[in-house]
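>
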Amino acid sequence: MHMPLEDTLGLNLLAANQHQAEHNHEHFQAWNLLCLNLMSSPGAGKTALLERSLPALAADWRMAVLEGDMTTQLDAERLEAVGIPVVPITTGRACHLDAAMVSGGLKLLKQRLDPAQLDLLLVENVGNLVCPAEFEVGEHHKVALLSVTEGDDKPLKYPLMFRQADVVLITKVDLLPHLPVELAAIRRNIHSINPNATVIEVSALSGEGLDAWHQWVRQALADRTANSSSAAHAADQSPALATA
Amino acid sequence: MHEVDMTKCLLISLNEWRQRRDDPSAMVETVHLEVGRFTCVEPDQLVTTYNAAVQGTWLDGSRLTITDIPFVGRCLVCNSTYDPVPESAYRSPCCDHPLEEIVSGRELRIRSIDYRSEAGAALESGSIQRMR
Numbered sequence: 001m002h003m004p005l006e007d008t009l010g011l012n013l014l015a016a017n018q019h020q021a022e023h024n025h026e027h028f029q030a031w032n033l034l035c036l037n038l039m040s041s042p043g044a045g046k047t048a049l050l051e052r053s054l055p056a057l058a059a060d061w062r063m064a065v066l067e068g069d070m071t072t073q074l075d076a077e078r079l080e081a082v083g084i085p086v087v088p089i090t091t092g093r094a095c096h097l098d099a100a101m102v103s104g105g106l107k108l109l110k111q112r113l114d115p116a117q118l119d120l121l122l123v124e125n126v127g128n129l130v131c132p133a134e135f136e137v138g139e140h141h142k143v144a145l146l147s148v149t150e151g152d153d154k155p156l157k158y159p160l161m162f163r164q165a166d167v168v169l170i171t172k173v174d175l176l177p178h179l180p181v182e183l184a185a186i187r188r189n190i191h192s193i194n195p196n197a198t199v200i201e202v203s204a205l206s207g208e209g210l211d212a213w214h215q216w217v218r219q220a221l222a223d224r225t226a227n228s229s230s231a232a233h234a235a236d237q238s239p240a241l242a243t244a
Numbered sequence: 001m002h003e004v005d006m007t008k009c010l011l012i013s014l015n016e017w018r019q020r021r022d023d024p025s026a027m028v029e030t031v032h033l034e035v036g037r038f039t040c041v042e043p044d045q046l047v048t049t050y051n052a053a054v055q056g057t058w059l060d061g062s063r064l065t066i067t068d069i070p071f072v073g074r075c076l077v078c079n080s081t082y083d084p085v086p087e088s089a090y091r092s093p094c095c096d097h098p099l100e101e102i103v104s105g106r107e108l109r110i111r112s113i114d115y116r117s118e119a120g121a122a123l124e125s126g127s128i129q130r131m132r
């Protein structure tokens, strides 16, 4: 019996997804298109936020949405009503969008318009605080939403999501007077796991904080050609990605 | 069940490895992974998913081993390393500093593959010259 041979790979387990994400990112760069990946638990208010933000930004920027939804197209229908092109990506059983699904969404989008004519692509991920954090889709920035009704401990229970996010939006702050939750505790927990995160408090209902969020998006749009955040992500994930 | 998608990614990488080797006799025995504690991977589920996914494929009979990599942070105030835990909000126990630097725990790595091959057996028995 011969001893087995060993081949050292040192490959990222998710190398296949990573390659597709890099491919998507190259397209975004070529189109000079800023891509934001919106992630949160179900019901944190991703769609409600977009219903407010899309009309507010539409005067200055051309946008489209890739809408991840496990089984329905309900969110896509809500956003189409705002007048922004929406491509629904029904993920079936998958609890997150991966780079290949986003690539498929881009192909459908291209049937409707020329992506090079767009400034901003918003990817609304499947509502889930776990695995969307691990699957890059080629985005420039990860945006995590956390509603005040979820409690201040969520950043500690789902640390990877809040660690990976460049921006955390604390949503539904209009409900704060009715809840035994401290905004300072939410902020502290987010910054404990991710001291570099930009944290913005918003309410899609009252409109509070939306200006600050929109200002962040405008700044990201202004910076989009200057630099890409993928290098920053790679630095944070260096053990995994350096060898990918 | 994101382990299903992770297994799909792994199988793509293993298929690519096989194509690169261009050696149909290469039979994978064990795939060694390194998985950090600060990832969303559940090692047992990954093994279960892998065992189900390889049935009837060229990888049928191969095994997945997972080496656990600890989650380690470094306190940027005093430079000591620590085990970030939710009870202290992942902050350093020494200086109560936020988690800035992650030393390890984010690994999702296919470390190596153990395999047998006729070409390799010949190589081992010395019937062909060592190739570098």
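Chains as they are written, first to last, in this note's numbering: chain A, 1 to 244; chain B, 1 to 132.
C-beta: ideal position from N, C-alpha, C; glycine also.
What do you reckon, are the CB atoms on A/Asp-166 and A/Val-199 nearer than 8 Å?
Locating residue 166 of chain A in the first sequence gives position 166, counting from the first residue. Locating residue 199 of chain A in the first sequence gives position 199, counting from the first residue. Contact flag unset, no.
> Look at the Cβ atom of A/Lys-46, then the Cβ atom of A/Ser-40, and state whether they are nearer than 8 Å.
Counting from one through the first sequence, the residue named residue 46 of chain A turns up at place 46. Counting from one through the first sequence, the residue named residue 40 of chain A turns up at place 40. Yes, these two residues count as a Cβ contact at 8 Å.
> Need the endpoints of the beta strand (DSSP E) that B/Cys-9 sits in, please.
Translated into the one-based positions of the second sequence, residue 9 of chain B becomes position 9. Taken as a continuous stretch (DSSP letters only), B/Cys-9 belongs to no beta strand (DSSP E), being part of the alpha helix (DSSP H) at 2-21.
> For a test of the three-state rule: what should DSSP assign to A/Ser-53, helix, strand or coil?
Within the first sequence, the letter at position 53 stands for residue 53 of chain A. Residue state, collapsed to three classes: helix.
> Does DSSP classify B/Tyr-50 as helix, strand or coil?
Locating residue 50 of chain B in the second sequence gives position 50, where the first residue counts as 1. Here B/Tyr-50 sits in helix by DSSP.
> Check whether the Cβ of B/Ala-52 lies closer than 8 Å to any Cβ atom in chain A.
Locating residue 52 of chain B in the second sequence gives position 52, where the first residue counts as 1. Not one chain A Cβ lies under 8 Å of B/Ala-52.
> Along chain B, in chain order, which residues have C-beta atoms closer than 7 Å to that of A/Cys-131?
If you number the first sequence from 1, residue 131 of chain A lands on position 131. In chain order: His-2 and Cys-40.
> Answer with buried or exposed for A/Lys-154, where buried requires no fewer than 16 other C-beta atoms within 10 angstroms of its C-beta.
Residue numbering aside, residue 154 of chain A sits at position 154 when the first sequence is read from its first letter. A/Lys-154 comes out buried.
> Enumerate in chain order the residues of its own chain whose CB-to-CB distance from A/Ser-230 is below 7 Å, with the five nearest sequence positions on each side excluded.
Taking the first residue of the first sequence as 1, we reach residue 230 of chain A at position 230. With a pLDDT of only 46 at A/Ser-230, under 50, the local geometry of the prediction cannot be trusted, and no value is derived from it.
> Thinking A/Met-63 and A/Ile-89 are a contact (beta carbons under 8 Å), I'd like their distance in whole angstroms, please.
In the first sequence, the residue the question calls residue 63 of chain A occupies position 63. In the first sequence, the residue the question calls residue 89 of chain A occupies position 89. Not quite, the Cβ-Cβ distance comes to about 17 Å (not below 8 Å), so this is no contact.
> Going along the chain, which unbroken runs of the alpha helix (DSSP H) with 4 or more residues stay wholly within the segment 95-145 of chain A?
99-112, all fully within the segment 95-145 of chain A.
> Measure the alpha-carbon distance for A/Ala-30 versus A/Ala-220 and round it to whole angstroms.
On the first sequence, position 30 is the one that residue 30 of chain A refers to. On the first sequence, position 220 is the one that residue 220 of chain A refers to. Looking at the two C-alpha atoms, the distance is approximately 17 Å.
> Within its chain, find whatever has a CB closer than 7 Å to the CB of A/Leu-175; leave out the 5 residues flanking it on each side and keep chain order.
Locating residue 175 of chain A in the first sequence gives position 175, counting from the first residue. Around A/Leu-175: Val-148 and Thr-149.
> May I ask you to list, following chain order, the residues of the segment 98-122 of chain B that have a beta carbon less than 9 Å from some beta carbon of chain A?
Those residues of the segment 98-122 of chain B that come within reach of chain A (Cβ to Cβ, closer than 9 Å) are Pro-98, Leu-99, Glu-100, Ile-102, Val-103, Ser-104, Gly-105, Arg-106, Glu-107, Leu-108, Arg-109, Ile-110, Arg-111, Ser-112, Ile-113, Asp-114, Tyr-115, Arg-116, Ser-117, Gly-120 and Ala-121.
> Could you tell me whether any Cβ in chain B is nearer than 8 Å to the Cβ of A/Lys-157?
Position 157 of the first sequence, counted from the first residue, corresponds to residue 157 of chain A. Judged by the 8 Å Cβ criterion, A/Lys-157 is in contact with chain B.
> Which residue marks the beginning of the alpha helix (DSSP H) containing A/Pro-155, and which one marks its end?
Within the first sequence, the letter at position 155 stands for residue 155 of chain A. Where A/Pro-155 is concerned, the enclosing alpha helix (DSSP H) stretches over 154-157.
> Can you tell me the Cα-Cα spacing of A/Val-82 and B/Leu-59, whole angstroms?
On the first sequence, residue 82 of chain A is found 82 positions in, with the first residue counted as 1. On the second sequence, residue 59 of chain B is found 59 positions in, with the first residue counted as 1. Their backbone Cα atoms lie some 49 Å apart in a straight line.
> Using a Cβ cut-off of 7 Å, pull out every chain B residue sitting near A/His-191, in sequence order please.
Here residue 191 of chain A refers to the residue found at position 191 when the first sequence is read from its first residue. Chain B residues near A/His-191: Pro-98.
> Could you say if the segment 13-21 of chain B and the segment 35-43 of chain B meet the contact criterion of at least three C-beta pairs nearer than 8 Å?
No, because fewer than three Cβ pairs between the segment 13-21 of chain B and the segment 35-43 of chain B fall closer than 8 Å, the two stretches do not touch.
> What's the gap between the Cα of B/Cys-75 and the Cα of B/Thr-81?
If you number the second sequence from 1, residue 75 of chain B lands on position 75. If you number the second sequence from 1, residue 81 of chain B lands on position 81. About 6 Å.
> Can you tell me whether A/Pro-88 is helix, strand or coil according to DSSP?
Numbered from 1 along the first sequence, position 88 holds the residue referred to as residue 88 of chain A. Note: A/Pro-88 maps to strand in three-state DSSP.
> Examine chain A for any beta-carbon lying closer than 8 Å to the beta-carbon of B/Leu-33, and answer yes or no.
Taking the first residue of the second sequence as position 1, residue 33 of chain B is located at position 33. Closer than 8 Å: yes.
> If I'm right that B/Ser-112 touches B/Ala-26 with Cβ under 8 Å, what's the distance once you round it to whole angstroms?
Position 112 of the second sequence, counted from the first residue, corresponds to residue 112 of chain B. Position 26 of the second sequence, counted from the first residue, corresponds to residue 26 of chain B. 14 Å between Cβ atoms; not a contact.
> Nearest chain A C-beta to B/Ile-12 closer than 8 Å, yes or no?
Start at 1 with the first residue of the second sequence, and residue 12 of chain B comes out as number 12. Output row for B/Ile-12: interface = yes.
> Less than 8 Å between the C-beta atoms of B/Leu-99 and B/Arg-91, yes or no?
If you number the second sequence from 1, residue 99 of chain B lands on position 99. If you number the second sequence from 1, residue 91 of chain B lands on position 91. It is a contact, given that the beta carbons lie within the stated cut-off.
> Using the C-alpha atoms, what's the distance from A/Ile-186 back to A/Val-123?
Locating residue 123 of chain A in the first sequence gives position 123, where the first residue counts as 1. Locating residue 186 of chain A in the first sequence gives position 186, where the first residue counts as 1. Straight-line Cα distance between these residues: approximately 25 Å.
> Can you give me the C-alpha to C-alpha distance between B/Leu-10 and A/Asp-211, rounded to a whole angstrom?
Residue mapping note: residue 10 of chain B aligns to position 10 of the second sequence, counting from 1. Residue mapping note: residue 211 of chain A aligns to position 211 of the first sequence, counting from 1. If you take the alpha carbons of B/Leu-10 and A/Asp-211, they lie about 43 Å apart.
> If you count every other CB in all the chains shown that lies within 10 Å of the CB of A/Gly-207, and 16 or more means buried, which is it?
Translated into positions along the first sequence, residue 207 of chain A becomes position 207. With fewer than 16 Cβ atoms within 10 Å of its Cβ, A/Gly-207 is classed as exposed.
> Consult DSSP for A/Leu-33 and reduce its assignment to one of helix, strand or coil.
Stepping through the first sequence from its first residue, residue 33 of chain A is reached at position 33. Looking at A/Leu-33 - three-state DSSP - the assignment turns out to be coil, as it is neither helix nor strand.
> Under the three-state reduction of DSSP, which class applies to A/Glu-22: helix, strand or coil?
Taking the first sequence and counting its residues from 1, one reaches residue 22 of chain A at position 22. Helix.
> Could you check whether the Cβ of A/Cys-95 sits closer than 8 Å to any Cβ belonging to chain B?
In the first sequence, the residue the question calls residue 95 of chain A occupies position 95. Yes, A/Cys-95 lies at the interface with chain B (some Cβ there is under 8 Å from its Cβ).
> Taking CB distances under 8 Å as the criterion, tell me whether A/Glu-139 reaches chain B.
Translated into the one-based positions of the first sequence, residue 139 of chain A becomes position 139. No, no contact with chain B.
> Under three-state DSSP, which class holds A/Thr-8?
One-based indexing of the first sequence puts residue 8 of chain A at position 8. Three-state result, A/Thr-8: strand.
> Are the C-beta atoms of B/Arg-37 and some chain A residue less than 8 Å apart?
On the second sequence, residue 37 of chain B is found 37 positions in, with the first residue counted as 1. No, because no Cβ of chain A sits closer than 8 Å to the Cβ of B/Arg-37.
> For the beta strand (DSSP E) containing B/Arg-109, name the first residue and the last one.
Here residue 109 of chain B is taken as the residue at index 109 of the second sequence, counted from 1. Segment 108-116, the beta strand (DSSP E) holding B/Arg-109.
> By the 10 Å Cβ neighbour count, where 16 or more other Cβ atoms means buried, how is A/Leu-101 classified, buried or exposed?
Position 101 of the first sequence, counting from 1, holds the residue named residue 101 of chain A. A quick correction: the sequence has Met, not Leu, at residue 101 of chain A. The residue in question, A/Met-101, is buried, as its Cβ has 16 or more Cβ neighbours within 10 Å.
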